[in-house]
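Residues in the sequence shown are numbered from 2 upward in steps of one, following this note's numbering.
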Amino acid sequence: MTEHRLTLTQHLLREVQSGAASADIDAILAEIATACKEARAQLAQVGLGPLAGMQGAINVQGEAVHKLDWFANNLFVEHFEGSGLLCSLISEELEEVHHFDDDCPSAGHTMCIDPMDGSSNLDVDGVVGTIFAIRRKATEEHHDKPSQVYRPGTEQLAAGYVLYGPQTMLVYAAGGSVHGFTLDTAVGEFFLSHPDIRIPDCGSEFSGNLSRLAAWNPAFKTFVGHHSHGGDGEPYSLRYIGALVGDFHRILLRGGVFFYPGDVNNRQGKLRLLYEAAPLAHVAEAAGGAATDGAQRILEIVPNALHQRTPLVIGSRDEVNAIQSLLAGATPAAVASKGASS
Ligand code: AHM
Ligand code: MG
């Protein structure tokens with residue numbers, strides 16, 4: 002007899018039965034998984050078909066849109082249109098909140114999504130991903146007011162991502178646990194492959210676009226220099242894919258830290274709070290890690306704009322704390338001794 006493999010659907014049903022998750026959240030997660038299977042199918046042949054290349058448009062971020070960015074955005078809109086699951090959707094590709102009002106007035110949740118994160122990697126057959134967070138519709142106000150999403154990430158009910166790499170993986174956090182599923186493409190199902198993921202307290206890798214090091218707060222140069230030379234032990238390795246989902250996933254499994262700070266010209270950095278930083282911060286914290294903008298927990302930032310950017314330092318607890326201490330003015334020696342005594 003072969004070993005029994007738990008499908009995502011079976012897992013979600015068990016979570017509902019045990020009271021660890023609500024049926025609504027699990028239905029949304031299941032729909033995300035279905036949409037991501039479609040996205041993955043398109044990605045597998047993107048270089049051969051009509052979705053290759055650029056859309057010829059600039060999005061609200063001022064960035065050139067790949068055809069697949071737009072395809073993925075529309076895929077998620079279509080999957081939830083009329084589903085009765087979401088009242089609205091906030092997407093990297095859409096300037097305004099997308100409302101599903103007409104179809105499902107009773108839907109109780111909002112989703113924030115980066116449909117195709119790291120899309121510049123599409124040009125080189127590199128890793129890309131989808132990032133999402135699910136929030137409750139605020140009951141005290143009508144949900145066509147954007148202020149429903151101007152709430153801190155601590156109010157996210159679930160968050161996660163799908164990584165389209167050699168394998169397609171779905172990782173989500175809800176109820177304080179993080180679970181990972183791998184798509185069996187022959188069967189067309191996600192199977193539980195990484196139950197109860199815990200991020201190591203420290204690692205030996207850092208991840209960031211070091212071409213910008215000179216423009217960042219000197220604390221990052223100190224951290225990188227200190228650990229490149231084996232400051233407190235083994236020298237760290239630099240790993241940078243340039244797709245947040247891919248870089249974060251590696252750190253979640255192996256430990257270490259990812260950073261994308263602000264600089265003089267872009268004080269808030271590049272990454273977006275609602276559909277990049279806050280969802281991954283939710284996953285990191287649920288797995289025992291941490292995420293900060295350098296001064297404040299990412300999950301406590303109250304957004305004041307839909308496409309707001311934020312500096313991000315995320316990953317293992319020790320490295321995130323060390324960078325935060327350096328930013329606050331501590332010396333590497335003080336940070337090292339603090340780490341050794343914690
Ligand atoms: P995108 O959502 O438009 O793809 O942009 C975000 C991406 C992240 O995935 C990645 O961490 C970052 O941009 C890389 O930026 P850079 O090229 O400046 O290193
Ligand atoms: Mg992105």
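Cβ atoms here follow ideal geometry from the backbone N, Cα and C, with glycine treated the same way.
Legend entry - Exposure of residue 212, with buried meaning 16 or more beta-carbon neighbours within 10 Å: Flag for residue 212 reads exposed.
Inset, instruction - Go ahead and pull the three-state DSSP assignment for residue 264. - result: Residue 264 falls in the coil class under three-state DSSP.
Legend entry - For residue 256 and residue 315, believed in contact at Cβ under 8 Å, the rounded distance: Not really, about 12 Å apart at Cβ, beyond 8 Å.
Inset, instruction - Using 8 Å as the cut-off, classify the Cβ of residue 271 as near or not near the heavy atoms of the ligand AHM, replying yes or no. - result: Inclusion of residue 271 in the 8 Å shell around the ligand AHM follows from its C-beta lying nearer than that to a non-hydrogen atom of the ligand.
Inset, instruction - State the Cα-Cα distance for the pair residue 246 and residue 331, rounded to the nearest angstrom. - result: Going from the Cα of residue 246 to the Cα of residue 331 covers about 30 Å.
Legend entry - C-beta atoms of residue 59 and residue 65 nearer than 9 Å: In this structure, residue 65 lies closer than 9 Å to residue 59 by Cβ.
Inset, instruction - Please name the residue or residues paired with residue 111 in a DSSP beta bridge. - result: Beta-bridge partners of residue 111 (DSSP): 89, 136.
Inset, instruction - Please find out if some non-hydrogen atom of the ligand AHM comes closer than 8 Å to the beta-carbon of residue 409. - result: In the structure as shown, the chain begins at 2 and stops at 343. Residue 409 is therefore absent and cannot be evaluated.
Inset, instruction - Using alpha carbons as the reference points, say which of 48, 61, 151 lies closest to residue 122. - result: Proximity to residue 122 across 48, 61, 151 peaks at 48, based on C-alpha coordinates.
Legend entry - Beta-carbon contacts of residue 294 that lie in its chain and below 6 Å, excluding the five residues immediately before and after: Closer than 6 Å at Cβ, skipping near neighbours: 311, 312.
Inset, instruction - Note down the Cα distance separating residue 227 from residue 318, rounded to an integer number of angstroms. - result: Approximately 18 Å between the Cα atoms of the pair.
Legend entry - Cut-off 6 Å between Cβ atoms - residues of its own chain near residue 252, not counting five sequence neighbours on either side: Around residue 252: 259, 316.
Inset, instruction - Using only the heavy atoms of the ligand AHM, determine whether one of them is closer than 8 Å to the beta carbon of residue 43. - result: Flag unset: Cβ of residue 43 not near the ligand AHM.
Inset, instruction - Please state if the CB of residue 300 and the CB of residue 168 are separated by a distance shorter than 9 Å. - result: Using a Cβ distance threshold of 9 Å, residue 168 and residue 300 do not count as a contacting pair.
Legend entry - CB contact flag (residue 325, residue 274, <9 Å): Contact flag unset, no.
Inset, instruction - Report the rounded CA-to-CA distance for residue 142 versus residue 6, giving the unit in angstroms. - result: Because the pLDDT at residue 142 is just 48, under 50, the model does not fix this residue reliably, and the value given afterwards should be weighed accordingly. If I take the Cα positions, the gap works out to 43 Å.
Legend entry - Contacts around residue 209, its chain only, beta-carbon distance under 7 Å, and the 5 residues preceding and following it disregarded: Hits under 7 Å: 241, 259, 260, 261.
Legend entry - residue 67 vs residue 120 beta-carbon contact at 9 Å: A contact, by the Cβ cut-off of 9 Å.
Inset, instruction - May I have the straight-line CA-CA distance separating residue 86 from residue 125, to the nearest angstrom? - result: In a straight line, the C-alpha of residue 86 is about 36 Å away from that of residue 125.
Inset, instruction - Note down the Cα distance separating residue 2 from residue 114, rounded to an integer number of angstroms. - result: A caution first: residue 2 carries a pLDDT of 47, below 50, which makes its placement in the model unreliable, though a value can still be read off. Taking the Cα positions, residue 2 is about 40 Å away from residue 114.
Inset, instruction - Would you check whether the ligand AHM has a heavy atom nearer than 8 Å to the C-beta of residue 261? - result: True, at least one ligand heavy atom lies under 8 Å from that Cβ.
Legend entry - Segment contact flag, the segment 65-84 with the segment 28-41, C-beta cutoff 8 Å, min 3 pairs: The segment 65-84 is in contact with the segment 28-41.
Legend entry - Residue interval of the beta strand (DSSP E) (run including residue 194): Where residue 194 is concerned, the enclosing beta strand (DSSP E) stretches over 190-195.
Legend entry - Beta-carbon proximity list for residue 202, same chain, < 8 Å, skipping 5 on both sides: Cβ neighbours of residue 202 beyond the five flanking positions: 256, 289, 317, 318, 319.
Legend entry - C-alpha gap between residue 291 and residue 282, whole angstroms: The alpha-carbon separation between residue 291 and residue 282 amounts to approximately 7 Å.
Legend entry - Proximity test, residue 213 beta-carbon vs the ligand AHM heavy atom, cut-off 8 Å: Yes; taking the cut-off as 8 Å, the Cβ of residue 213 has a heavy atom of the ligand AHM nearer than that.
Inset, instruction - Work out the CA separation of residue 161 and residue 1 for me, nearest whole Å. - result: Past the edges of the chain, shown from 2 to 343, lies residue 1, and the structure says nothing about it.
Inset, instruction - Rounded to whole angstroms, what's the CA-CA distance from residue 263 to residue 269? Just pull it up for me. - result: Each residue's CA atom was taken as its position, placing residue 263 and residue 269 some 5 Å apart.
Inset, instruction - Write down the C-beta distance between residue 22 and residue 13 rounded to the nearest angstrom, noting that I regard them as a contact closer than 8 Å. - result: So it is a contact: roughly 7 Å between Cβ atoms.
Legend entry - Proximity to residue 165 [Cα-Cα], best of 129, 118, 225: Considering only alpha carbons, the answer is 129.
Legend entry - Whole-angstrom C-beta distance between residue 198 and residue 177, which should lie under 8 Å: About 12 Å separates the CB atoms of residue 177 and residue 198; that is not less than 8 Å, and the two are not in contact.
Inset, instruction - Determine the closest residue to residue 51 out of 41, 230, 69, 171, with distance taken between C-alpha atoms. - result: The candidate whose alpha carbon is nearest that of residue 51 is 69.
Inset, instruction - Mind checking which residues open and close the beta strand (DSSP E) that includes residue 316? - result: Judged by DSSP secondary structure, residue 316 falls within the beta strand (DSSP E) whose first and last residues are 313-316.
Legend entry - Through-space distance from residue 31 to residue 155, alpha-carbon basis: Cα to Cα, residue 155 sits roughly 23 Å from residue 31.
Inset, instruction - Evaluate residue 232 with the Cβ neighbour count: other Cβ atoms within 10 Å of its Cβ, from every protein chain shown; 16 or more gives buried, anything less gives exposed. - result: So residue 232 counts as buried.
Inset, instruction - May I ask which residues mark the beginning and end of the beta strand (DSSP E) holding residue 244? - result: Note, residue 244: premise wrong, no beta strand (DSSP E); not H, not E.
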